[in-house]
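Chains as they are written, first to last, in this note's numbering: chain W, 23 to 636; chain U, 23 to 636; chain X, 9 to 345; chain B, 9 to 345. Ideal placement from N, C-alpha and C gives every residue a C-beta, glycine not left out.
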Ligand SMILES: Cc1ncc(C[n+]2csc(CCOP(=O)(O)OP(=O)(O)O)c2C)c(N)n1
Ligand SMILES: Cc1ncc(C[n+]2csc(CCOP(=O)(O)OP(=O)(O)O)c2C)c(N)n1
Ligand code: SF4
Ligand code: SF4
Ligand SMILES: [Mg+2]
Ligand SMILES: [Mg+2]
């Protein structure tokens, strides 16, 4: 390769095109190639709301962003250094968020009169000087593809479809990635479509070689491997990690997994993933609506199985009544909420963190449940397991607040040794002696869980208030007061059983940034660079939201300033204020997108300085 | 009347018997007789959960408590001075809550072996000395009734049914109430059942006379009229006041009232009351479920009518999703929640105040709505009107948090002059010029309301996020952030439009008791006697809960101690802590019953003293 | 419903709980409870293998009065709850107790869908044509024009026919009787239990307090034999105290034929419980035009939901690896040294 | 639907909104939209008198593409929303646009109840036998065994027949056609509009992306005439390219008869749209055993819900005082001086 090589520390690349251009596959495969050379990375796919909007329209643009680096990173990157635009529309929608001086690679073949009009360009940006602040590389990607496949025995349309692999070849050259992992993928994917396989392979190689031979790029880049912990890794997104976690938890607890859901974006992904795991005993049921979904799961739980349901926004609202029944019957029902933009239908394909207060208070009357939130795509695996552990140990429903962002975003996952994962002890009551439905374990306050069919333990549960211990219908005023307080106390017991909150950062920091769930990566990146910029800032990322870690109040009081960035209007802030009377300062944006590291950094800077000034 | 007369200041009487004994009618009529002599009063009916439990069982006991006085009072009284027990079960369940030295009047005819057993008495309390601490009067109420009606041409069963009016006659004698209002009632009630009318009339008079002649009671009592504001009064319960308020509000706003509900205790009362008001244009629809009920109401609202729905506990949970649609479409939908004991089915016929946080946060995503809570049965009338005023002026849904206690409890209502009630200005948009669905009024931020059918204003609303002003579907990140913040700002505008919170009490009080909704009467009574006992305590009762009155924070900071009694685990406390960082002290009981004045007084005393000690 | 234990004989009282029953004196629910307990005794499966799931309503209080496992759910949802119970543990005998409001108003959607899934659960619908527990509002089966607390000038909605609805939804077993017909009721409950798949049993139940006598004109002792017809598969459609009336399917509907007791015309319809047209036509017959049909109106064999689900799980286990490590390590795995 | 304005003529384009249509290229929804706009033009009521209410789904995006009033509701609830719109303002012409998931899965209960209420709204069900918007899970009308994203080994549920369900629920107007039959579709939409009461229009709609071709075997241009039958009240049930086939109701079901074009046997059934048995029997006919029935399958006259409601209001006004003061002052009133 006679080209100049430049070393890079980290780079963010974004592929954008029509839903039909196959940018998602392209992105995934570029990720694999990247993984193999040992860079750390994180990805962010972005789908249009429309299934398949008319070709060439701006609202039909699908994209895939990936950040990779020679050290460990935590986010898919704020704005791309490199944009690969398959058509004018893709260029149009991404122009506003691109680094000045950034690289733009366009498929010039698509910049026709008509496509430019569809995208809303009045003149051709490749010809006028509107892109002067970027480095443009025009590649006739379509022509090159057709050309490279002229001898292939497949139709023109099929040839065109190989465009994305030709582009992938180019990117592999540009960033010095090997082609083998991609070739492995092609072999699997087109195992019994030899011609299509050949064509894509040719295109891939052509893309790579053309860069070597032709003068498309003056230089190419190299990134050293990141120093990741030794071990085996794979690339995983949150939806898959969630499903794997549930299957493993079912295995570790010896329970039959029954996941019952009603399709809704983005929760459907979990349903699809589990539906494909029947060989591991996973049973999935697509119910007629969310109420049926959760009550089927609850019935399964009463029966003695691991009943799980999952949904998003509007569907979550419909589960409120049945969740209260789970609270009254004290059954270990698990509910996943893959948060999306609302209220109501909102922006169904976008992300936000606005269901926290709903998770705590979204049921009439006093109805405490455990609330968890995964911190990253891979953490969804561990959160599933933790949810099952706590639900079954305390006989209390659990809500897991996942996020649309985590569902699709992916990162390298250091593969666990399954044998190292501790078993989840589930003791079904079998002894009739002294059995009562609401007799409680002294430590956990849990009532006994009975597998239906067990002789001598016949009993009836239900939504009417029950007498403590005996579980008979009770209108006794004092009993109702007691039961309300017992249900609340259970959560305090859970607080004894979860890890203390950790403030990560310099020992002498007087500012702490507190986040929860999926903002982990962005906050971590921002806090780290704040410290690199000479500020002294710590961070606490909460995975357990109800109950909160028992040390949180004292921990927070150690700091002069508590900053709480959230993708909502201040829900965790509200909780912190109410519980600890601490004047938390929120940074609240609801744009349907994850935070950018830079906006968080600015927020931290401003607050840090204002603190210094007083 | 040759008997001793004793003057009383106030007294609490409780009638208790089988569902079949007609104690509810008895209570109502005693109330009327009481009203006419000008005493102030408040009543508290208590129904068994079962429709008609087997006769003589403790869980079949129905009761009616009334407190009346020579000055104004605010509650039905803590525990009765006088208990009228129609059978052993009625005695059994009420024994525990009776003033030592209190009066017990029993229908001795019902104290048979069998009835005593059913009630769980091992020996007859009228014979053993278990009641020695009370003053017992045994009256052969059944025998007397039959005897007095021996010449009446009606069947034995019908004669027995007159028991309650014989008892009423006795009570009227005992407390020197006139019989006329009762007789008026009987005339109306049995207008075309002459024989039944005659029989009840005879029984009523017999009951009165027998006291005069026989030695049943040594003395009888008199209460001077209370000094109520001059004016016309009637007795009203919360359910009826709510319905009247809605009909009047519809009239004042010129809107067609459409109330759509699904039966549920205690909300059904509102549905029944409105269903009987068709002549005033009220339309009621019994939907197939709560989701249908609220979406029918929402559709009516979109169409340009006054859409209202009402429910309780479990039904409220089901309305969450549709409420979010109302928030997104910014339509003035009104939802009544008649709070009852939960979670889940809980204790359906009992009261509590546990839906406050649900009203605020019971919808996924950021979804602000206006929340109001009536303070007393009669105040339900005014709260209905206020709900309509705010909803239509700000184009924002309103949740009214009523309570099971208010639904059935009744009090004298000073009748308003309807002409004095200001009109509710509703301006439907008719001008197409410059019309956009989300163009906002500068002052209220309300978007225009259009009566469907208006030419030139055709537009489509929906649950997807819309661009501000233009109302087209928008995935623009900044627009979504803006719309979320606009929806929240609307509530701040409302805060400018509602009365400031008032602290009632001594100017130098350093303790304030803050309550909301239906605890008004009990808190007021407790605070007044606290001040009589020499403490310096103020009270604030909140009717507007979201937004809170704009001066509340400053007002609370004037006090050393903020006490918040609630029939929940501390929901208003939580809000006050979160909003004002004030360390509110809660008194939290969830027994399914209203507070007693004495428990509140003790709470205030303790806190008052502890404050003095430090 | 496969039961491992070998069968033992029971008395109906073995299925009574220690809770005292709290329905109104005179309520038909007492009769149905008794019949249900007698049926379970006859079925002879130990009580821990039975699960009785209900929604909310007077009728739905029934589980508390049983010595079996029970679940008193939320309004309208006993069917999906029971579905979860059954799928999680197919060995159990799962019963649903529901009312006309619970199953047809708020719960209508679940009724449709359980029928097409054919989950092996047995649904006993207590139809009193009223909302009992909430004190007397109309229900989806209330007669049009009925005056009640929520319709003081009469309801304006046509009543829905539960049997027709079940049939249109693909029910594999549909039967009907009246709470007063103790033996018949017991027999139908036993038949329902024998059926593999969803069994729907429509029971007329008198609400003594809010809708007393609504079924009297065709179920009262004296006249019932002339105003009901109890259908049986393979038997001619004959009824009447004197067995002197019958039904003949003519053109597109049934017509009544009267005849000399003993020798019915041979064109009287022989009932076929697998013929949907017969069942649907019967579901639309009402007194006084027609006798009210009772008995097993439809019964066909179909694979049950849970059967098919577990079948797929088994096939998946044969087809694919069941090694969890393989699962986790699927996809491109790389090693960092 | 009474309209005050005197009628004016419209072009279908008058009912187009300025929003660009965002369905997948090749989706049948485009065709239905066009047919709907053509029908409204033919109906000739000014656009502000039309309200188009939808749920959630690809199909439910339609209101945005209309120049009338529109409401894009929540999933499964367009029917009650439309009910509220209509009751509040009976002068409006109210349409419901819904999908097989929207109307039959989550919304199934409302479908049943609107039928028995007979609210004067028109329901257009876009049946593509799939969940389009959520990217290809099965729906209640998906064929049993279909492989899709949520059922990788095939669905285990029997499909529900929307027409049968509507009939069993008491529908007063039920019709069916395919999105590709433009003229027929326009005609049926106009008929639906003319009907006073709930009109249910079942439209087969091809989802080009997730369920392409499900209806081809009986709707493809070349073969459709031999594999559909378009029924008409009072006309014999004849079909076929050559009009050489027909249906005869024999015993309890239909059978196919073939004959010389031109002279059909006279025992061929003359269709009666008021005969429920006919409609129900037709609803169960599927290709390849039978031709798939299209056209108006049922139409009967019944008073509409809002009509009856306002009737009660009027009667109440005549019977009782309408003076608000009287209301407030009802009951025992006393004066404090
Ligand atoms: C979500 C919800 N809505 C409403 C209710 C109130 N509710 C309880 S039972 C019932 C209907 C009872 O009628 P039915 O199902 O026929 O049973 P029945 O009492 O007649 O036996 C209603 C509306 C409730 N408990 N939950
Ligand atoms: C309460 C709720 N549950 C689930 C969804 C997700 N969802 C949107 S549309 C849809 C089904 C779409 O199928 P269909 O009704 O047939 O319409 P189509 O897209 O096929 O036209 C689902 C499940 C939602 N938006 N709201
Ligand atoms: S209300 Fe009716 S249905 Fe309910 S228990 Fe009483 S009689 Fe039976
Ligand atoms: S997904 Fe199917 S139904 Fe939806 S727009 Fe695309 S083709 Fe039409
Ligand atoms: Mg009923
Ligand atoms: Mg569909």
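Touch check for the region 405-414 of chain W and the region 339-348 of chain W: three-plus C-beta pairs under 8 Å?
Between the region 405-414 of chain W and the region 339-348 of chain W, the count of C-beta pairs closer than 8 Å stays below three; the two stretches do not touch.
When you compare only the Cα positions, how much space is there between residue 501(W) and residue 288(U)?
22 Å
Starting from the beta carbon of residue 217(X), find every residue of chain U whose beta carbon is closer than 9 Å, and list them in chain order.
73, 74
Inspect the beta-carbon positions of residue 66(B) and residue 216(B) and report whether they are closer than 8 Å.
It is not a contact, given that the beta carbons lie outside the stated cut-off.
Using a Cβ-Cβ cut-off of less than 8 Å, give me the residues of the region 118-148 of chain B that come near chain W, in sequence order.
139, 140, 141, 142, 143, 145, 146, 148
Decide if residue 177(W) is buried, meaning its Cβ has at least 16 other Cβ atoms within 10 Å, or exposed.
exposed
Closer than 9 Å by beta-carbon distance: list the chain U residues that pair up with residue 502(W), in chain order.
363, 368, 369, 372, 374, 612, 613, 614
Examine the Cβ distances between the region 274-285 of chain B and the region 94-104 of chain B and report whether three or more of them are shorter than 8 Å.
no
Going by C-alpha to C-alpha distance, which of 126(X), 159(X), 113(X) sits closest to residue 170(X)?
113(X)
Determine the closest residue to residue 263(U) out of 211(U), 389(U), 397(U), with distance taken between C-alpha atoms.
397(U)
Identify which residue in 276(W), 220(W), 93(W) has its Cα closest to the Cα of residue 446(W).
276(W)
By DSSP, does residue 9(B) sit in helix, in strand, or in coil?
Here the model assigns residue 9(B) a pLDDT of 40, short of 50, so the residue's position is not dependable and the matter cannot be decided.
Name the chain X residues whose beta carbon is nearer than 8 Å to that of residue 161(B)?
Simply 320, 323, 324.
Can you check which of these residues, 161(B), 156(B), 152(B), is closest to residue 167(B) by C-alpha distance?
Checking every option, the nearest Cα to that of residue 167(B) belongs to 152(B).
Ignore the nearest five residues each way along the sequence and tell me which others in residue 27(W)'s own chain have a CB closer than 8 Å to its CB.
198, 241, 242, 243, 244
Is residue 303(B) close to chain U, meaning its C-beta is less than 8 Å from at least one C-beta of that chain?
no
To the nearest angstrom, report how far apart residue 253(U) and residue 235(U) are at their CA atoms.
38 Å
Shorter than 7 Å, the distance from the beta carbon of residue 73(W) to the closest heavy atom of ligand 4, or not?
yes
Where residue 294(W) meets chain B, residues with beta-carbon distance less than 7 Å
Contact annotation for residue 294(W) against chain B: 157, 158 [CB-CB distance below 7 Å, chain order].
Can you give me the start and stop residues for the alpha helix (DSSP H) that residue 301(X) sits inside?
Element bounds for residue 301(X): not the alpha helix (DSSP H) but the beta strand (DSSP E), 300-307.
Are there 16 or more other CB atoms within 10 angstroms of the CB of residue 219(X), so buried, or fewer, so exposed?
buried
Quick one: list the residues of chain B neighbouring residue 437(U), beta-carbon separation under 8 Å, in chain order.
336, 337, 341
I want to see whether chain X comes within less than 8 Å of residue 58(W), judged by CB atoms only; does it?
yes
According to DSSP, residue 342(X) sits in a beta bridge with which residue or residues?
Residue 342(X) is bridged to 255(W).
Classify residue 214(B) as helix, strand or coil using the three-state DSSP reduction.
The DSSP-derived three-state label of residue 214(B) is coil.
Quick check on residue 118(U): buried or exposed, where buried means 16 or more other Cβ atoms within 10 Å of its Cβ?
exposed
Does any heavy atom of ligand 1 sit closer than 7 Å to the C-beta of residue 293(U)?
no
Min CB distance residue 388(W) to chain U below 8 Å
yes
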